[in-house]
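Number of protein chains: 4
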Amino acid sequence: MIIVMKQSSTPQDVEEVVGILKSRGLGANLSTGSQATIIGVLGDKAKLGGFDFELLDSVEKCVPIMHSYKLASREMCPDGRLVQAGGEVVGGKKLLMIAGPCAVENEEQIMKAAVGVKEAGATFLRGGAYKPRTSPYSFQGMEEEGLRLMRRAADATGLKVVSEVVAHDLIETAAKYCDMFQIGARNMQNFRLLREVGRSGVPVLLKRGISSTIEEWLDAAEYIMSEGNYNVVLCERGIRTFETATRNTLDVSAVPVVKERSSLPVIVDPSHAAGKSRYVLPLSLAAVAAGADGLIVEVHPNPAEALSDAAQQLTPQAYAALFQKVGAVAAAVGRSME
Amino acid sequence: MIIVMKQSSTPQDVEEVVGILKSRGLGANLSTGSQATIIGVLGDKAKLGGFDFELLDSVEKCVPIMHSYKLASREMCPDGRLVQAGGEVVGGKKLLMIAGPCAVENEEQIMKAAVGVKEAGATFLRGGAYKPRTSPYSFQGMEEEGLRLMRRAADATGLKVVSEVVAHDLIETAAKYCDMFQIGARNMQNFRLLREVGRSGVPVLLKRGISSTIEEWLDAAEYIMSEGNYNVVLCERGIRTFETATRNTLDVSAVPVVKERSSLPVIVDPSHAAGKSRYVLPLSLAAVAAGADGLIVEVHPNPAEALSDAAQQLTPQAYAALFQKVGAVAAAVGRSME
Amino acid sequence: MIIVMKQSSTPQDVEEVVGILKSRGLGANLSTGSQATIIGVLGDKAKLGGFDFELLDSVEKCVPIMHSYKLASREMCPDGRLVQAGGEVVGGKKLLMIAGPCAVENEEQIMKAAVGVKEAGATFLRGGAYKPRTSPYSFQGMEEEGLRLMRRAADATGLKVVSEVVAHDLIETAAKYCDMFQIGARNMQNFRLLREVGRSGVPVLLKRGISSTIEEWLDAAEYIMSEGNYNVVLCERGIRTFETATRNTLDVSAVPVVKERSSLPVIVDPSHAAGKSRYVLPLSLAAVAAGADGLIVEVHPNPAEALSDAAQQLTPQAYAALFQKVGAVAAAVGRSME
Amino acid sequence: MIIVMKQSSTPQDVEEVVGILKSRGLGANLSTGSQATIIGVLGDKAKLGGFDFELLDSVEKCVPIMHSYKLASREMCPDGRLVQAGGEVVGGKKLLMIAGPCAVENEEQIMKAAVGVKEAGATFLRGGAYKPRTSPYSFQGMEEEGLRLMRRAADATGLKVVSEVVAHDLIETAAKYCDMFQIGARNMQNFRLLREVGRSGVPVLLKRGISSTIEEWLDAAEYIMSEGNYNVVLCERGIRTFETATRNTLDVSAVPVVKERSSLPVIVDPSHAAGKSRYVLPLSLAAVAAGADGLIVEVHPNPAEALSDAAQQLTPQAYAALFQKVGAVAAAVGRSME
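Protein chains in written order, with my numbering: chain P, 61 to 398; chain Z, 61 to 398; chain F, 61 to 398; chain S, 61 to 398.
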């Protein structure tokens, strides 16, 4: 941490700050410039016990230097982590292709979706069984029955299952059906849930919160990893901005930023970012071109009749076409679909 | 709902839309202007079963007309709701004044805080026992012991207790100590938690999510109210914007907007909005001038040594001064402190 | 400036940075912590001639320490500047009350507006003669004839005139009619215009850009002041955020932040922030309670027939009522209306 | 336009609205649902003369239906416009590749840059001669001498010239040296400047404002086109959001959205979006994959010594490598570099 003194600060003010540091077993390194005195804090900041130097009138500001995450950082694993999920390796040359409906609605729907996405080339089936909905009066999901149907459809087609867990007491049940848990954007800072999926040992797909910074997102990954579960895949799904032409604004830059700061793989959800099915293809291509390790795309056998998020789901045919086009871009940037 | 057809749409396109509506038992009202045909949907939108007209190439856009919340709306209770919490009435002439530390740290600290805020004139003591922290390595709260200490301090000084619940399985324990539950900003869309605090019957202070729209916030209140618990107080605490001079941007306009759209009382948390104690007073005055029904302010007997959010907590002395100044503005806008 | 080295940096890397600094006549102060080496740069940063240390692989980040504005800073004038405009003093106890229509539309309209706002108690008449409109097909203003009518109405009623200049070649003409120039939000970074109004010597009301940080706003003020014109009044008018309930989000916190960082007075425009006339009163009260030095409010003799921004203009009667209520809050915070 | 009445509105309220419409020569189409009455306005909205129905207590809201831009719309030119600039065709299969330094600094620098970007394959040279800088104390550009040097370098290497005009009285001078004018993000709503570049007849590269919606951007294009100049190329360059990891957030979704709503070509500026040279490559690939018609990239012979924006400029070598990789992605999506 660096403490920047105000221009109007006196040598006594500087001494006071240094004294506080010393009384807590910390060192201080003074840098007296023409415009401001800067104090570098030497030692473990935790010794400060929460003391906030910005409370002193003589202090202009404190500047943190280090990330708060460690296990999720690039430094801890400079070559990048290869995450294992359902027998797939995520973060290598091959892209992780996940597809399926927003919500499991009935046996026929999920089976048709599974057949369609499998034929297109996907390896993971997605589908919501517990739906976090903005209004209490919207369809809330089929719950465990939905998970059961999804598992059956996946087994019948040779797919793996990823589904969202929305509360920690559902983890045990969900673990019976899922190869990977999804933590949704709204729960990215539900720290109790993060810890518990960490303890479960099940691989986790961690979506970025709609208005979370990349640093907060990596801190959330750290919660899971600090419980010993390193199989975490990050998922960028659009952030909230002033622009209303799309449901959210896909932060495609997050892909190279995450690659630089973290060792974890990062995939992209173009469906939630766009909110409109006609933008899903260009955003998918952009994501893979930018270096994403995979895509999670909403596919429904009959989007127009979907019970939720109808506007952003693709038909299996459209997904098959997308898969081909993504393959061409993937090849152009040195990645592969299989 | 209104469906706006594209300029390029044909009479056949319009017929298709009308046909879909009729097949689902809904009526259509056509308005053919010089530039676009507009179709007003007559009947209960739920009959559409999720069909999304924006998927049709001939449709420009769909415009929702109604709020999704009902119980929380102004229409349901035009004169405004008076919320009961710990024997206090919220939403009337008297302001709800809540104060206390960010987190309960030990017996002496919470007792000193309680004595200080009681002397200043507050009626509710706040204090976090379960702290949602961005990093897993930060202080996470004293948990039930913290609630116990806070209850004791409140009883000793004649205050009521409000504290945050961060998971639904903590509700039963927390209910033993709290007169009011707080739902924090990060949990505003933790729908399971919202339902469960709704079922608990305990009054709820519902903070606005850091990037939630006012409509989403009222939808969250609806979750609680739909379980039969109408004792909900809203709390504006700043939203995330591009400006970094303050921790968040206090959306003071949310106060009159909420008053217009909802019957629920709304208070303001200037401490989290500002993030710096020196801005807490002006924001408190602004909130009350704008019509807020109360304030929740962070007060710590020794802010510089606080274990969390040190920079934004006031001393009891500063809070007493704030209380007096808020009283003057309250009187100027027809409100009172007692 | 502070240079933070990466954890992986070597002593050679540090030497390289120090060498670059020395070769440009700058000093370096090293602070070697357990986690990172930090280099404080000693001397005038301008000597770096644009060299960017973040380009070096061994550098984590560079942290600027100083503001780029000087004349606008609080440090240069710790007691605050009293701005002179049209015989009024801005920044003292008395609030600057500006009111008038969005645009000058005709002689009768501006005269009625002037009479109304004068009777209510305002001292300055506002009105747009050159209107920056989003669409080229919207009403663009009466231009010089509008200024002439406004001047006449102001002289007849004993008011002063403030009006927007939108291009530097209009300054000479506008100076014939105006006591104060307004720089609109869209032109806050039209640096050519800022310099030229600086040279004109006419007092300036500088609106904050819709997505400008407070630092950028003060840098814009610096452009005007660097030409020798210190009569600058800042105006907060709402920023662009994700919330759509109001036209913009009034950043009421900007008032105390500006007061702390700058010596310039700051007023608030609740009309553009709210975008709806029914929110103008609560936002006006909030602004004055937060410490604003005045208000600029849109008032039209017949808002429903206004040629622009109809929804946010008050009637003269509503403004008179607002003026009284603002007076009560002003008194409560130690300010006055006259 | 659609007028939505409040649920509490009476038949008399509806009659009042209809009466106002009729008195202005407009028709009304009523749609009375179970929850709200909706009035479709028939005829040219301009006849309303600015009357705002939201001022009536009985009106819930007004919903605009049509864009305000016409010439820039897709409807006016469904196959897309091919823009002519400096002998190049923009908007066809071939990508427009623009590169060069942030600012022209001296003859050697711009000549080296020109040679480098030409060798890599670019067709247009960029370089700022008049720099809009946040602080008045930063380097402001070489002005006309900069344009002269850039023209000479372009002619010597067979490139075309694009450079920013920052004020309307510089257009005549700039037209002597430029094949295309750039309107910078800060001037996107400098309507006087937009009209004047429209009148100049010189092709225009119109950057999106840092916090402008896509609709406002297309309205800005309409200003230029409404003066008869249809050679407009749009340029997405990142928007301002809460995320600080990158200088701005590249809104890559804007590419397909613009393609759908407008007939104009759209290119991307990854340098300003990223703000860091190491993110320029992935963002370039993402932009082209999403369908952008070209790229404008900052290239400097010696980025570390650049007088402005040093951190985001590439070396000519890095640009040559980027050009090759962009070519591979371009081919994968059916575009070409020549």
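Beta carbons are placed, not taken as given, at the ideal position from N, Cα and C, and that holds for glycine.
Proximal chain F residues relative to residue i, where beta-carbon distance stays under 7 Å
i               : result
L310 of chain Z : V312, S313
I80 of chain P  : Simply none; closest approach about 17 Å.
A388 of chain Z : A392
Minimum Cβ-Cβ distance from residue i to chain F less than 8 Å
i               : result
R268 of chain S : no
L451 of chain P : This structure cannot settle anything about residue 451 of chain P, because the visible part of chain P is limited to 61 through 398.
A245 of chain P : no
L374 of chain S : no
Q67 of chain P  : yes
Cβ neighbour criterion (16 or more within 10 Å) applied to residue i
i               : result
S83 of chain P  : exposed
V357 of chain S : buried
G218 of chain P : exposed
M397 of chain Z : buried
D229 of chain S : exposed
P71 of chain P  : exposed
D239 of chain P : buried
A88 of chain F  : buried
T273 of chain Z : buried
D311 of chain Z : buried
Residue-chain proximity (residue i, chain Z), Cβ-Cβ < 8 Å
i               : result
E232 of chain P : no
T194 of chain P : yes
V393 of chain F : yes
A364 of chain P : yes
S91 of chain S  : yes
Proximity below 8 Å, CB of residue i to CB of residue j
i               : j               : result
V143 of chain P : V293 of chain P : yes
T309 of chain P : T309 of chain S : yes
F184 of chain S : I158 of chain S : yes
H127 of chain P : S133 of chain P : yes
P330 of chain S : A347 of chain S : yes
C295 of chain Z : I270 of chain Z : no
Per DSSP, cross-strand counterpart(s) of residue i
i               : result
N89 of chain P  : P:G100
G181 of chain Z : According to DSSP, G181 of chain Z bridges with nothing at all.
G160 of chain P : P:E358
A145 of chain S : S:E148
G188 of chain S : S:A163
V326 of chain P : P:L294
Residue i Cβ short of 7 Å to the ligand SAM heavy atom set
i               : result
S223 of chain F : No copy of the ligand SAM appears in this structure; indeed no ligand is present at all.
Any chain A beta carbon closer than 8 Å to residue i
i               : result
L345 of chain F : You won't find chain A in this structure, because its protein chains are P, Z, F and S.
Under 7 Å by beta carbon: chain S residues contacting residue i
i               : result
P316 of chain P : Y339, P342
Residue i: contacting residues in chain P (beta-carbon distance under 9 Å)
i               : result
R300 of chain F : F302
T273 of chain S : F302, E303, T304, A305
Cross-chain neighbours of residue i in chain P, by beta carbon under 8 Å
i               : result
R252 of chain Z : V226, A227
is_contact[residue i, chain S] using C-beta, thresh 8 Å
i               : result
E282 of chain F : yes
A381 of chain P : no
E276 of chain F : yes
Y197 of chain F : yes
D104 of chain F : no
Any C-beta of chain P under 8 Å from that of residue i
i               : result
I63 of chain F  : no
E168 of chain Z : no
Neighbouring residues, chain S, relative to residue i (Cβ below 9 Å)
i               : result
G351 of chain P : P342, L345, A346
Contacts that residue i makes with chain P (C-beta to C-beta distance below 7 Å)
i               : result
D139 of chain Z : Simply none; closest approach about 24 Å.
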